[in-house]
Amino acid sequence: MASIAVWVIVFGILTYNGNCYVWQSRSQLMAYVDKYFKNVYNIPPRQQTAARLTKYFLKRIVPVGANIKGRKITKRSYPSVEYAQFYDTIFIIDSSSSVNRRNFKRGIQALQKLIDRGHPDSYYSAITFASDARLEFRFVNKKIAKLLLRNIKHRRGRTNTQAALRMAWYDLIRSNSSNIRYGSVRRIFLITDGLSNVKHHLTLFQGFRLKANGIQIYVMAIGRYRQGFEEILGLASTAHAHLYRVGHMKGFQRVADLIPTWPLNKNEVDSWKTSVKYRRYLFKTRIRMI
């Protein structure tokens with residue numbers, strides 16, 4: 001399994017943006033690999049992380065400088081939103097001993113802020129993991145999800161990432177009682193501060209099964225560690241759009257604060273509810289209920 005993971009990562013490097021070829025010399029290849037990992041290891045500025053989260057996770061297109069750097073957002077610079085898809089997101093939260101109670105609470109608060117800044121019709125569920133995984137709540141709307149996140153308690157123990165990924169697959173995505181919606185885009189947002197240490201050999205396998213079935217995996221890597229980072233890189237669907245790094249949980253909070261809040265006022269919401277795309281969404285939901 002370890003050798004397979006290494007080859008998957010090397011293949012991703014070779015095909016990354018098309019600048020590296022298998023017939024290059026060993027020195028050229030190693031130079032490219034070193035450059036690739038240097039870019040991945042580095043923690044980018046918070047503004048850059050906020051912009052990438054906004055574009056790739058929240059699916060909102062924000063004009064450059066529109067409140068990402070703290071500027072006042074005007075009606076003219078409101079982020080545009082694509083309503084053609086609706087999202088069911090699973091938060092997988094590291095609650096192991098390496099994350100103290102205070103930082104765990106900061107992570108929860110950052111997730112609540114992301115919910116405020118996401119699509120209003122998104123559904124959320126949550127799993128925490130330490131020595132084992134625990135299903136905190138099934139898919140609910142954003143208002144209920146914020147309340148339920150507040151009630152999640154910090155646990156201590158080892159880092160059993162694979163159990164949480166397995167639970168996401170069997171208890172949420174494949175379950176008929178998880179309230180997952182027909183036709184939704186299914187996603188996982190994983191928050192962790194390090195390498196898994198329980199059944200480590202199964203972590204990438206569980207992630208690969210999810211991705212092979214169309215589940216997008218986003219990873220928020222907390223901390224400046226490098227050892228074992230290949231596992232985080234292997235879990236994320238892509239390195240550019242699905243992998244984010246911050247130095248600490250407080251940095252995650254600050255990144256969330258930089259993202260503009262949901263900009264639609266009442267008139268814009270009423271206009272959207274009469275749109276063709278919203279009626280299509282209602283039609284899909286009605287089919288699911290039948």
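Residue 1 is where the sequence shown starts when you use UniProt numbering, and the numbers rise one by one after that. For each residue, glycine too, the CB sits at the ideal point set by N, CA and C.
Can you give me the C-alpha to C-alpha distance between residue i and residue j, rounded to a whole angstrom?
i      : j      : result
TYR124 : LEU195 : 25 Å
ARG102 : ASN213 : 35 Å
LEU135 : PRO260 : 30 Å
ILE171 : LEU210 : The residue asked about is misnamed: residue 171 is Asp in this sequence, not Ile. One C-alpha to the other measures close to 13 Å.
ARG46  : HIS200 : 30 Å
LEU148 : MET220 : 21 Å
PHE229 : ASN176 : 35 Å
SER95  : ASN197 : 13 Å
THR238 : LEU190 : 14 Å
PHE208 : LEU235 : 7 Å
GLN112 : SER27  : 46 Å
GLY107 : ASP88  : 20 Å
Less than 6 Å between C-beta atoms, sequence neighbours within five positions excluded: which residues of the same chain meet that for residue i?
i      : result
ARG224 : GLY247
GLN206 : GLN162, LEU165, ARG166
ALA241 : TYR56
TYR41  : ARG226
TYR218 : PHE57, PHE189, HIS242
Please go through the same chain and pick out, in chain order, the residues whose beta-carbon is closer than 8 Å to the beta-carbon of residue i, but skip the five residues on each side of it.
i      : result
LYS105 : HIS154
SER178 : SER125, ARG138, PHE139, ASP171, LEU172
ALA110 : MET249, PHE252, GLN253, VAL255, ALA256
ALA133 : ILE127, ASN160, ALA163, ALA164, ARG166, MET167
ARG288 : With a pLDDT of 42 at ARG288, under the threshold of 50, the predicted position of this residue should be treated as unreliable, though the coordinate-derived value follows. So the qualifying residues of the chain are ARG181, TYR182, GLY183.
I'd like to know whether the C-beta atoms of residue i and residue j end up nearer to each other than 8 Å.
i      : j      : result
LEU258 : LEU243 : no
GLY157 : SER131 : yes
ILE127 : ILE152 : no
PHE129 : ASN160 : yes
ILE115 : ILE188 : no
PRO44  : ARG254 : no
GLY231 : LEU204 : Checking the sequence, you will find Glu at residue 231 rather than Gly. Cβ distance < 8 Å, so GLU231 and LEU204 count as in contact.
Go through its chain and collect everything with a Cβ distance to residue i's Cβ below 7 Å, but skip five positions before and after it.
i      : result
ILE173 : ILE180, ARG186, ILE215
ALA145 : ILE115, TYR124
ASP193 : ASP94, SER98, VAL99, ILE222, GLY223
If residue i and residue j are in contact, beta carbons under 8 Å, what's the gap, nearest whole angstrom?
i           : j      : result
residue 355 : ARG117 : A query on residue 355 cannot be resolved here, the shown segment of the chain reaching from 1 to 290 and no further.
Any heavy atom of the ligand GTP inside 7 Å of the beta-carbon of residue i?
i      : result
GLN109 : Absence of the ligand GTP is noted for the structure shown, with no ligands found whatsoever.
Task: Cβ contact check for the stretch 81 to 100 and the stretch 42 to 55: 3 or more pairs under 8 Å - done: The answer is no - the stretch 42 to 55 does not touch the stretch 81 to 100, with fewer than three Cβ pairs under 8 Å.
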